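According to the working numbering, the sequence shown is numbered sequentially starting from 4. Note that CB positions come from ideal geometry on N, CA and C, so glycine has one too. Owing to the predicted nature of the structure, the values given are computational and were not obtained by experimental measurement. Scroll down for the structure; my scribbles are underneath it.
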Amino acid sequence: MGDGTLGTGEPSAKTSIGNVLRNLKNAKRYAFDIGSSIVKIAYCSSVPHYTAATELSTKRNEHAESFRLHFIELHVSKFRECLEYIREECSLQGIESTVCTGSNIDAYQQMISDLLSLRCVKLNEMECLVKGNNFLLRNVLDESFIYNHKSESCNYVFQTIDPSTVFPYLIVNISTGVSIYKVESDDKFERIGGSSIGGGTFHGLGNLLANCNDFDKLMQLAESGDHRNVDVLVADMQGAMLESLCLGDDLIAGSFGKCEDTTKIGKVDLIRSLLLMISNSIGQISVLYAQMTKAKSIFVGGYFVRNHAISMRTISYAINYWSHGKMAARFLRHEGYTAAIGAFIKQNENVAAATLHPSSLDKCHEMSWKEHYAGCSALGRFVPTAPLSSTFEAGRFEMECCNMKLQTFPLLTSYEDYIPDTVNLNDDVDARTYWISCMENSVQKTLTKALESDRHSPDAQQRADLFRDRYLSHLKILKQKSFAYGCCNVRNLLDLREQILNEQLFDDAFLCQKQMENGMAVQELPSVLQVIDAIDDFRERQMAVCKGILAGNVFDWGAKEAVKMMETHGGLSFSAALKLIPERPWLVDELDNWLSAVSTKRYRCAAIFVDNSGGDVLLGVIPFARELLKMGTKVIVVCNWSPALNDVTYQELIALLPEICSGDQIIADAVKEHRFEIEHSGQGSPCLDLRRVNAKLCEKIKKDGIDLVVIEGMGRALHTNYYAEFACDSLKVAVIKTKWLADRLGGAIFSTIFKFRKGTLRLKGKNTAEES
Numbered sequence: 004m005g006d007g008t009l010g011t012g013e014p015s016a017k018t019s020i021g022n023v024l025r026n027l028k029n030a031k032r033y034a035f036d037i038g039s040s041i042v043k044i045a046y047c048s049s050v051p052h053y054t055a056a057t058e059l060s061t062k063r064n065e066h067a068e069s070f071r072l073h074f075i076e077l078h079v080s081k082f083r084e085c086l087e088y089i090r091e092e093c094s095l096q097g098i099e100s101t102v103c104t105g106s107n108i109d110a111y112q113q114m115i116s117d118l119l120s121l122r123c124v125k126l127n128e129m130e131c132l133v134k135g136n137n138f139l140l141r142n143v144l145d146e147s148f149i150y151n152h153k154s155e156s157c158n159y160v161f162q163t164i165d166p167s168t169v170f171p172y173l174i175v176n177i178s179t180g181v182s183i184y185k186v187e188s189d190d191k192f193e194r195i196g197g198s199s200i201g202g203g204t205f206h207g208l209g210n211l212l213a214n215c216n217d218f219d220k221l222m223q224l225a226e227s228g229d230h231r232n233v234d235v236l237v238a239d240m241q242g243a244m245l246e247s248l249c250l251g252d253d254l255i256a257g258s259f260g261k262c263e264d265t266t267k268i269g270k271v272d273l274i275r276s277l278l279l280m281i282s283n284s285i286g287q288i289s290v291l292y293a294q295m296t297k298a299k300s301i302f303v304g305g306y307f308v309r310n311h312a313i314s315m316r317t318i319s320y321a322i323n324y325w326s327h328g329k330m331a332a333r334f335l336r337h338e339g340y341t342a343a344i345g346a347f348i349k350q351n352e353n354v355a356a357a358t359l360h361p362s363s364l365d366k367c368h369e370m371s372w373k374e375h376y377a378g379c380s381a382l383g384r385f386v387p388t389a390p391l392s393s394t395f396e397a398g399r400f401e402m403e404c405c406n407m408k409l410q411t412f413p414l415l416t417s418y419e420d421y422i423p424d425t426v427n428l429n430d431d432v433d434a435r436t437y438w439i440s441c442m443e444n445s446v447q448k449t450l451t452k453a454l455e456s457d458r459h460s461p462d463a464q465q466r467a468d469l470f471r472d473r474y475l476s477h478l479k480i481l482k483q484k485s486f487a488y489g490c491c492n493v494r495n496l497l498d499l500r501e502q503i504l505n506e507q508l509f510d511d512a513f514l515c516q517k518q519m520e521n522g523m524a525v526q527e528l529p530s531v532l533q534v535i536d537a538i539d540d541f542r543e544r545q546m547a548v549c550k551g552i553l554a555g556n557v558f559d560w561g562a563k564e565a566v567k568m569m570e571t572h573g574g575l576s577f578s579a580a581l582k583l584i585p586e587r588p589w590l591v592d593e594l595d596n597w598l599s600a601v602s603t604k605r606y607r608c609a610a611i612f613v614d615n616s617g618g619d620v621l622l623g624v625i626p627f628a629r630e631l632l633k634m635g636t637k638v639i640v641v642c643n644w645s646p647a648l649n650d651v652t653y654q655e656l657i658a659l660l661p662e663i664c665s666g667d668q669i670i671a672d673a674v675k676e677h678r679f680e681i682e683h684s685g686q687g688s689p690c691l692d693l694r695r696v697n698a699k700l701c702e703k704i705k706k707d708g709i710d711l712v713v714i715e716g717m718g719r720a721l722h723t724n725y726y727a728e729f730a731c732d733s734l735k736v737a738v739i740k741t742k743w744l745a746d747r748l749g750g751a752i753f754s755t756i757f758k759f760r761k762g763t764l765r766l767k768g769k770n771t772a773e774e775s
């Protein structure tokens, strides 16, 4: 049939493969990790970015591209079929070789070479695994987690690892046996020990005890078993020595110690006891090796724990027990892909080293990457799911290149203590219910704006419908399994929405709205500045610009209550927004502290992280920044790099700068003197994650000696960074435009947050501010 389906209406095998091997026509290089039953395919593709069609052309304009890494996991029985599909659909011209790793390379190396006409190069599996581990820890913020079986809301506790402090760490790989590796860098690692008691032991003895040869079914049996019917506990024993040792009653004194009469013991109890015996052994040797090598963390992987909550629980308990609570078993969400990731990276490194003029693809492994939720399987590998079968099922993991290097914002007081998100939706059920419902209800408004911005494209409605269906399906998953993509929060819900919009070629859904509001606001700016300049009293003038920056933040298409006013007849004016700001005292009111600071200090340089287009940045932030300029402070306005909602982007503000300068000489002079600059954060989100900031901005911040950070907007200063602490003085300003959040904080709609904090540390070698 012409539509690629079978007569039953089911997708054909070719269609199924095509749905998994996405962007294959733009694929550049391949790598393979081949195991006994599962194969992982890794490849990189170029993904074009588009601007919307215009009145002059109904074609979308391709203006840039980025790279995306694809990692596919499938049953080995489908490997040949996939290789044949790659040969048919992807141009392999210019590709001479590919790389392979894994335990089953020899069985498939020739098949790869024959079907793809490529030279197949073997790579060391452990070297690939280490590189893959490190790559994930550096680039996926919610990659590492510990398993907490006592939690009533979510067993998975995600903890971002600082890549600069992670070494040395241990990898405890539990497969047939146990191998323990000490990792000191990408290229320096060694096997320091192991054990023959591992997954093979559990599988073999489990089969003998329960007459079951299916590993996953054995794990299921262990879930329902009670080891207390099999093991001798401390509570079962007596003696003065036991009392002096202060051992807990539920501690296992002897595994399988109650097996004198096997007729009274169920299979499930035997398998549970077996699992605990093996887990306790592995946990003990892992802790001993960690203490011996002074390792900072223990990462546990291998098929013994992969997809099995019960083994994660037992290993976690064992490591916690033997370390006296000082260490925890850490797991990786995408641990099953690490060798394939490492193989691809190693291939890229080798190509780059052998090339006189490396291309952007050759250097892409040196850039920062982010998880591409829109192209990943519904649930991460760590979530208990059925194993892949010989039918065409596949797991998918995708990462997108940021096209720049990102690093931690240098003025945070502590990387380890910094958590960007104010609310963890994994733990807070009420908040999760509200925000997912909020995202569902906002879909139609987002679609309306996206269609307005892409109204000349003939297929816009079709793409909009696909966006709606895909986003709602992802939200449905998160309702059921909030931890599907890591730590669920408002930031990730918004990022997911932008990714799916971009997948459907809506790269800037609010483009038309922003252009209209920017045009109106830049014309009004001179009159707003004139009103401010007419205020002679310093304190009154500072209060006016502070109230103005709050009024500007009312212009927010991401907030339902603000949208209602902006969509009324005549829209929302800046003067009307000013009237919405309540009388003092505000909900969080530290204005007096701020006024005291600016009247006694001369800040050297301020970085202002801005929010929305139009009235927000132009009528709220610019007058506020101008007052700092008048006091001798250099100002760096930091925008988003890529679009999100109606947030202003770097390119948009750069384009508006000449018109801003033409309306005000103070700003024009500051621009000429390089005292007023525009930079970007490297992000494209209504929220702000200071763990991932444009490296060039970070270098500029250190070079210019920034001693004041201003964060403006509900997404950046409330949903994220509300509790962030900085080495320099900081100011967080926002208007609450969501009733739910206002209720949570004990305020009302349009309550005001004006939070000023003095720096907790001084910058090395510099004062945070100069006395005036």
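Residue 399 is bridged by DSSP to 75. Residue 617 has its alpha-carbon roughly 53 Å from the corresponding atom of residue 328.
Residue 588 sits away from residue 647, with the two beta carbons spaced by 7 Å or more.
Rounded to whole angstroms, the Cβ separation of residue 144 and residue 694 is 6 Å, and the two are in contact under 8 Å. Bounds of the alpha helix (DSSP H) holding residue 664 are 653-665. If you look at residue 701, you'll find it in the alpha helix (DSSP H) that goes 698-707.
Around the beta carbon of residue 253, a 10 Å sphere encloses fewer than 16 other beta carbons of the protein chains shown; the residue is thus reported as exposed.
In chain order, 434 place their CB closer than 6 Å to the CB of residue 426, counting only its own chain and leaving out the 5 sequence neighbours on each side. Under the three-state reduction of DSSP output, residue 188 falls in the coil class, being neither helix nor strand. At a Cβ-Cβ threshold of 7 Å, residue 171 and residue 377 do not count as neighbours.
Judged by their CB atoms, residue 759 and residue 492 are not nearer to each other than the 7 Å cut-off.
For the options 468, 681, 490, the alpha carbon positioned closest to that of residue 156 is the one of 490. As the crow flies, the alpha-carbon of residue 582 is around 30 Å from that of residue 512. Look at the segment 152-208 and you find these whole runs of beta strand (DSSP E), each 3 residues long or longer: 159-161, 172-177, 181-186, 192-198. For the pair residue 439 and residue 482, the CB atoms are nearer than the 7 Å cut-off. Straight-line spacing of the CA atoms in residue 712 and residue 610 works out to 5 Å. In this structure, the CA atom of residue 118 is about 52 Å from the CA atom of residue 518. Around the C-beta of residue 33, 16 or more other C-beta atoms lie within 10 Å, and the residue is accordingly described as buried. By the Cβ neighbour-count rule, residue 194 is exposed, with fewer than 16 other Cβ atoms within 10 Å of its own. Between residue 283 and residue 321, the CB-CB gap stays under 7 Å.
Boundaries for residue 322: no beta strand (DSSP E) harbours it, while the alpha helix (DSSP H) harbouring it runs 312-325, taken from the DSSP string.
For residue 571, no beta strand (DSSP E) run applies, since DSSP gives it neither H nor E. Shown here, residue 35 sits in a strand according to DSSP, grouped into three states.
Annotated three-state conformation of residue 516 is helix, per DSSP. Under DSSP, the beta-bridge partners assigned to residue 372 are 404. Under the DSSP assignment, residue 302 falls in the beta strand (DSSP E) whose first and last residues are 300-304. By the Cβ neighbour-count rule, residue 534 is exposed, with fewer than 16 other Cβ atoms within 10 Å of its own. Residue state for residue 122 is assigned as strand, using DSSP reduced to three classes.
The beta carbons of residue 635 and residue 605 sit closer together than 7 Å. Residue 323 and residue 300 have their alpha carbons spaced roughly 12 Å apart. For residue 695, there is no enclosing beta strand (DSSP E), as DSSP marks it with neither H nor E. Distance from the Cα of residue 36 is smallest, within the candidate group 23, 148, 339, 205, for 339. For residue 449, the enclosing alpha helix (DSSP H) has its first and last residue at 432-456. If you look at residue 227, you'll find it in the alpha helix (DSSP H) that goes 218-227. When beta bridges are read from the DSSP output, residue 683 appears opposite 642. The beta carbon of residue 755 sits closer than 7 Å to those of 553, 584, 585, 589, 590, 738, all from its chain and outside the five residues before and after it, given in chain order.
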